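Those protein sequence lines, which keep their order, are chains E and W. Just so you know, the first sequence maps onto residues 1 to 426 in the UniProt record's numbering. Just so you know, the second sequence maps onto residues 1 to 174 in the UniProt record's numbering. Here is the structure we will look at.
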Amino acid sequence: MEVELKDIIDDLNSLKRSLPDPSLQASVLQLRLRVENLIRMAKSGPVGRPKVKDMSAEVVDSNPYSRLMALQRMGIVENYERIRDFSVAIVGVGGVGSVAAEMLTRCGIGRLLLYDYDKVELANMNRLFFRPEQAGMTKTDAAVQTLSDINPDVVLESYTFNITTVQGFETFMSSLRNKSFCPSKEGSGVDLVLSCVDNYEARMAVNQACNELNQTWMESGVSEDAVSGHIQLLIPGETACFACAPPLVVASGVDERTLKREGVCAASLPTTMGVVAGLLVQNTLKFLLNFGNVSPYLGYNSLKDFFPTMEMKPNPQCSNAACLERQKEYVQAKPARDAAAKAKMEAEMSSITECPLHDDNEWNISVIDDNEVDTAGVPSADALPEGLTRELPSADEFEKSLAPGTDASVDDLENLRRQLEALNAD
Amino acid sequence: MEGWDPNTKSTLTQIPLLSTKAGPRDGAAWTQRLKEEYKSLIAYTQMNKSNDNDWFRISAANPEGTRWTGKCWYVHNLLKYEFDLQFDIPVTYPSTAPELELPEIDGKTQKMYRGGKICLTIHFKPLWAKNCPRFGIAHALCLGLAPWLAAEIPILVDSGMIKHKDDVSSTSES
């Protein structure tokens, strides 16, 4: 831009020299002054804020964190400044991921890891965050550009590759393991992984990585018709993993030739994506800063404004081996968990002094523990009442491995490869 | 499988099924799976040739067998249209199917994801999921790519989006 403006000055100078009428000289001079002004403005550029060392609760206009630190004064969060110790990985910087990244950046998260291999396109402009002039940039670069301007305190790392390929997956795993940001942290190098991807393959890759690393993560999604979405918390071994309950698959049974032209262009709305990103980051803040209830699953149906919640236990017949391992560990850790819960209960009880709730009990009402009723009345969760039988056989033998290939005559990989090449040759 | 044409069905039943559930990160089990992949690809290619229905070439582009490249073609109005074919074996294979790519016609049809990945969501992914781990690369080509070509190439040719290579060279010469 600067070069362009300098050219204008040169043009103006030559115009001024060639002007025969001296009465126009003044206006040309004025034009030149204005162009010089523009050059000065272009040079200085937009002014970002300097980094802030400590989060302050001081209420002044210049403090970027005053409204966040007020959460402590309001009694919502015990220690908000802890947010600077946390690392969050966002996989997929699209309609949901980019907005979630901006929210966490504005909240002053310690470190953000961004993963995406796509470029910004003008077709993305119906969603939030990216700007038209960023079209053509990689989504990760464009996001880092915007986010570092908004909050220079956040450590941003961008990773531009496809996590579903073998090589991409290894890089993904090692970036999650890297603990250089907070070496004292237990487990992996990040506190939470947010999956904001738009396809089944990538979700399965995130699921695989998190199951192997025993990493808690949250999944998010917006439906293809843009009017509903969901978020889900996944704690390996404790809650259902993404492979535990595979999406309902129904073969449509229609000839491909009759399907023809509906295209694969999914609809999207900035509203639904914004709502889902908001729900996702709210759950993230509750999880990290330890306030409120962290939702295990929260759906959003925008047509009826219905928000279903539910819990999903892991599937003991999950097809993912790492999930089964985590499930086993979770069961083995039960005594320790129970002891911790009991200790917590006792600590809470001791702070409350015991006294009878009611002085008299005219009708002899007594409270019976739910657990005792359960164990007495129902022998086991699997048993059926007398007279009923199951129509389908139980799936105990599900995990029986398939019979290995019987053809042992050609079993050399190199030999097989050559056979295929020979077929390919003619 | 109702609704599929009888030819595809009978071809499918003759492609050997696989039995090892292993992905590229599973070491020796993956080698075993790779052998099964080769066997079913060899059987399928042989079958196509003997039925005079040869329509693809595919071979592993690396020793690990995680990247595959080749060609596929489709005959429409007696003209042969040939395309580069490539795909990676995903890290979660065989739970997730390979994403078959035809990079040359990227952006020319709506029924394609970025990078030339053909849309398999409706007609193929449910079948793959139901038949995991018995389906392999050969099945993906037979039930995923072949019907896609049959549905898309005639439309792309008739609408002028793709031209036969002879037409392209003759117009550039004139």
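Just so it is clear, CB atoms sit at the ideal spot from N, CA and C, and this is done for glycine as well. These numbers come from a predicted model, not from an experiment.
Once the 5 residues before and after E/E329 are set aside, which same chain residues still bring their CB inside 6 Å of it? Cβ neighbours of E/E329 beyond the five flanking positions: G237.
Take E/T309 and list the residues in its own chain whose beta-carbon comes closer than 7 Å to its own, dropping the five residues that flank it on each side. Result list for E/T309: S295, Y297, L298, in chain order.
Strictly by DSSP, which residues pair up with W/G70? Looking at the DSSP assignment, W/G70 forms a beta bridge with W/I58, W/L85.
Given that a residue counts as buried once 16 or more other Cβ atoms are within 10 Å of its Cβ, and exposed if not, what is E/V367? When all chains shown are included, E/V367 counts as exposed.
So, helix, strand or coil for E/V378, using DSSP? Low local confidence applies: a pLDDT of 47 at E/V378 is under 50, so the model's placement there is unreliable, with the coordinate-based value given in what follows. In this structure, DSSP gives E/V378 a state outside helix and strand, which the three-state scheme calls coil.
Can at least three beta-carbon pairs, one atom from the stretch 59 to 73 of chain E and one from the stretch 265 to 281 of chain E, be found at a separation below 8 Å? No contact exists between the stretch 59 to 73 of chain E and the stretch 265 to 281 of chain E.
Among W/I118, W/N51, W/E99, which has the Cα closest to the Cα of W/K108? In this structure, W/I118 is the residue among W/I118, W/N51, W/E99 with its C-alpha nearest to the C-alpha of W/K108.
Can you check whether the C-beta of E/S366 is within less than 8 Å of a C-beta belonging to chain W? The beta carbon of E/S366 sits no closer than 8 Å to any beta carbon of chain W.
Within 8 Å, strictly: CB atoms of W/I153 and W/Y81: Against a cut-off of 8 Å, the Cβ pair of W/Y81 and W/I153 comes out as a contact.
For my contact list, W/G23 and W/P94 are in at a C-beta cut-off of 8 Å; report their separation, rounded to the angstrom. With 8 Å as the limit, W/G23 and W/P94 qualify as a contact, their Cβ atoms being about 7 Å apart.
Contact residues within the stretch 166 to 182 of chain E, judged by C-beta distance below 7 Å to chain W: Correct list: V166, F169.
Alpha carbons only, please: which of E/F287, E/L280, E/Y80, E/M173 is nearest the one belonging to E/H230? With distances taken between CA atoms, E/H230 lies nearest to E/L280 out of E/F287, E/L280, E/Y80, E/M173.
Look at the alpha carbon of W/N62 and the alpha carbon of E/C241, and state the distance between them as a whole number of angstroms. Near 32 Å, if we compare the C-alpha coordinates of E/C241 and W/N62.
Kindly indicate which residue of W/F83, W/P16, W/M47, W/K71 has the alpha-carbon position closest to the one of W/I58. Taking only the C-alpha atoms, the option nearest W/I58 is W/K71.
List the DSSP bridge partners of E/M218. According to DSSP, E/M218 shares a beta bridge with E/L194, E/L233.
Determine, for W/Y74, whether the minimum Cβ-Cβ distance to residues of chain E falls below 8 Å. So, not an interface residue.
Given a threshold of 16 other Cβ atoms within 10 Å of its Cβ, counted over all protein chains shown, does W/H123 qualify as buried or as exposed? Under this definition W/H123 is a buried residue.
Could you pull the start and end residues of the alpha helix (DSSP H) that E/E2 belongs to? E/E2 -> alpha helix (DSSP H) spans 2 to 18.
Interface residues of chain E around W/S95 at Cβ under 7 Å? Near W/S95 (Cβ distances below 7 Å), the residues of chain E are M204, A243, S319.
Could you give the distance in angstroms between the alpha-carbon of E/S148 and the alpha-carbon of E/V96? Put simply, the backbone Cα of E/S148 is about 19 Å away from that of E/V96.
Mark E/R257 as exposed unless 16 or more other C-beta atoms lie within 10 angstroms of its C-beta, in which case mark it buried. Low confidence applies here, because E/R257 scores a pLDDT of 44, under 50, leaving its location unreliable; read the following figure in that light. In the assembly as shown, E/R257 is an exposed residue. Its beta-carbon has fewer than 16 other beta-carbons within 10 Å.
Within the chosen definition, does the stretch 65 to 79 of chain W reach the stretch 173 to 191 of chain E through at least 3 CB pairs nearer than 8 Å? Verdict: no, contact absent.
Any C-beta of chain E sitting closer than 8 Å to the C-beta of W/R114? Taking 8 Å as the threshold, the shortest C-beta distance from W/R114 to chain E falls below it.
Can W/I42 and W/T66 be called in contact, C-beta distance under 8 Å? No, these two residues do not count as a Cβ contact at 8 Å.
List the residues that DSSP assigns as beta-bridge partners of E/I90. Answer is E/L114, E/L194.
Assign E/N124 to one of three DSSP states: helix, strand, or coil. In the structure shown, E/N124 sits in a helix (DSSP, three-state: H, G or I).
For E/L68 and E/L234, I'd like the C-alpha separation in whole angstroms. Rounded to the nearest angstrom, the two C-alpha atoms are 27 Å apart.
Roughly how many angstroms lie between the CA atoms of E/A340 and E/A70, to the nearest whole one? In this model, E/A340 and E/A70 are separated by some 32 Å (Cα to Cα).
Can you tell me whether E/M349 is helix, strand or coil according to DSSP? The answer is helix: DSSP assigns E/M349 an H, G or I state.
For E/N214 versus E/C323, is the C-beta distance shorter than 8 Å? The Cβ atoms of E/N214 and E/C323 lie no closer than 8 Å to each other.
Say whether chain E places a C-beta atom closer than 8 Å to the C-beta of residue 210 of chain W. Residue 210 of chain W lies beyond the residue range present for chain W, which begins at 1 and ends at 174; the question has no answer from this structure.
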